[in-house]
Amino acid sequence: MKILVTGAAGFIGFHVARRLLERGDQVVGWDNINAYYDVNLKAARLKLLSGDAKFTFRKIELAQTESVAAAFEDAAPEQVVHMAAQAGVRYSLKNPHVYIDSNINGFLNILEACRYRQIRHLVYASSGSVYGMNKVAPFSIHHNVDHPISLYAATKKANELMAHSYSHLYGLPTTGLRLFTVYGPWGRPDMALFLFTRAILEGRPIQVFNYGKMQRDFTYIDDIVEGIIRVLDRPPQANAGWDQVNADPGTSSAPYRVYNIGNHKPEHLLRLIEILESRLGKQAKKELLPMQAGDMEITCADVADLARDTGFQPDTPIEAGIEKFVDWYREFYRV
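So the sequence shown is numbered by the numbering used here: it starts at 605 and just counts up by one.
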């Protein structure tokens, strides 16, 4: 299979591309390699991927309509895994326009390209942040998600709506994956585990928001990738029994699906810090701060639908995942 992976230089896109190459697929990687975080880390990821003859890479801005259309035609993929996006809840408070450029306009260009080439399946990254003000945990794909509390979350919810319209209008099979706090080797430097590790090793204080009273459904990267691959291999079918009167948000009369991929076991932030301290052999200096705008106090994924349809649910213990991350961090940064 020839598969386009957008965001191939990013954390999740890199791991997905590597897994696809390992199983024998031909992978076309796209990324704009922006400076949201260290481009050297992105370059190191791409260097690993480029060691496989089945991988080709193209630097591209997804918001540029004509460039995307031409590059898509040239790549001629059969399926698309769309991981490219401007990430980060807090950054969306400072630079909202880039989220519209990347997450809305860029996604529209991907949808249009998939429509005209009649792609077999478009799998794209949504986010657990779409649950916003929802207080019913665990979060289910059958819950209403109309109250996001950050622009980032709103763009991810918009992606799901845009995808549904294309599934309905053009029969394009689309699957949105609501990912929950992904961590692991080659992770993003703006995420808590990475930030905490760097600060602790350098003897600097770590910022702990909501005075540590936060819970997150930390999900190890290998579990995320396994879920993505299993979903990719199962293009959605129209749900003939879908009820327009009692509409189920997680499915549709169109070939459209949404799934949660999370560890379905929220962990207290202070517990994460304790495990990290133990693994690093060094105590953290904690700076306890109030809740930040756009943050959710707890996230917890209901993965029953994912388990039913794919036979898989994430299960990597946080202790094992943190150990693997720290081992990678020490080796990569020679600490």
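Idealized CB from N, CA, C, for every residue including glycine.
Note that the structure is a prediction, hence the values are computed from the model and not measured.
By the criterion of a C-beta distance shorter than 6 Å, Ser733 is surrounded in its chain by Ala757, once the five residues flanking it on both sides are discounted. The beta-carbon distance between Leu836 and Gln683, rounded to whole angstroms, is 6 Å. This is short enough to meet the 8 Å contact definition. Excluding five sequence positions before and after Glu871, the CB atoms of its chain that fall closer than 6 Å to its own CB belong to Phe822 and Ile922, given in chain order. Comparing alpha carbon positions, the residue from Thr914, Ala851 and Leu893 closest to Ile810 is Leu893. In the three-state scheme derived from DSSP, where H, G and I count as helix and E and B as strand, Val749 is classed as coil. DSSP places Gly732 in the helix class (H, G or I) of the three-state scheme. Assigned with DSSP and collapsed to three states, Asp847 falls in coil, not helix or strand. Using a 10 angstroms sphere on the CB of His868, the tally of other CB atoms reaches 16 or more, which defines it as buried. Rounded to the nearest whole angstrom, the C-alpha separation of Asn636 and Ala613 is 8 Å.
When secondary structure is reduced to three states using DSSP, Glu901 falls in the coil class, being assigned neither helix nor strand.
For the options Ser771, Phe813 and Asn638, the alpha carbon positioned closest to that of Val702 is the one of Asn638. Cβ-Cβ separation between Gly780 and Glu764: approximately 5 Å, consistent with a contact (criterion under 8 Å).
The residues Gln683, Pro777 and Pro839, in chain order, have a CB closer than 6 Å to that of His725 in the same chain once the five nearest residues on each side in sequence are set aside. Taking Arg820 as reference, the option from Pro859, Asp899 and Ala888 with the minimal CA-CA separation is Asp899.
Excluding residues up to 5 positions away in sequence, Ile922, Glu923 and Ile926 lie with their Cβ nearer than 7 Å to the Cβ of Ile879 in the same chain.
Under the Cβ criterion (8 Å, minimum of three pairs), the segment 676-694 does not count as touching the segment 735-742. A straight-line Cα-Cα distance of about 7 Å links Leu715 and Ala767. Within its own chain, the residues whose Cβ lies closer than 7 Å to the Cβ of Arg623, once the five positions on either side in sequence are excluded, are Val829 and Ile833, listed in chain order. Contact annotation: Gly788 and Phe929 have beta-carbon atoms nearer than 8 Å. Unbroken alpha helix (DSSP H) stretches of 4 residues or longer found wholly inside the segment 783-831: 796-806, given in chain order.
Judged by their CB atoms, Val749 and Pro853 are nearer to each other than the 8 Å cut-off. A Cβ-Cβ distance of about 5 Å is found for the pair Phe661 and Gly633, placing them in contact under the 8 Å criterion. 8 Å or more divides the Cβ of Phe676 from the Cβ of Ala621.
Judged by DSSP secondary structure, Glu891 falls within the beta strand (DSSP E) whose first and last residues are Lys889 to Leu892. Contact check for Cys904 against Pro793 fails: the beta carbons are separated by 8 Å or more. In this chain, the beta strand (DSSP E) harbouring Leu608 covers Lys606 to Thr610.
Under the DSSP assignment, Thr914 falls outside any beta strand (DSSP E), being part of the alpha helix (DSSP H) whose first and last residues are Ala908 to Thr914. For Val862, the enclosing beta strand (DSSP E) has its first and last residue at Tyr860 to Ile865.
Phe659: member of the beta strand (DSSP E) spanning Phe659 to Lys663, first to last residue. Residue range Gln630 to Asp635 is occupied by the beta strand (DSSP E) that includes Asp635.
Distance between Phe615 and Leu873, taken at the CA atoms: about 21 Å.
In chain order, Pro859 place their CB closer than 7 Å to the CB of Gln841, counting only its own chain and leaving out the 5 sequence neighbours on each side.
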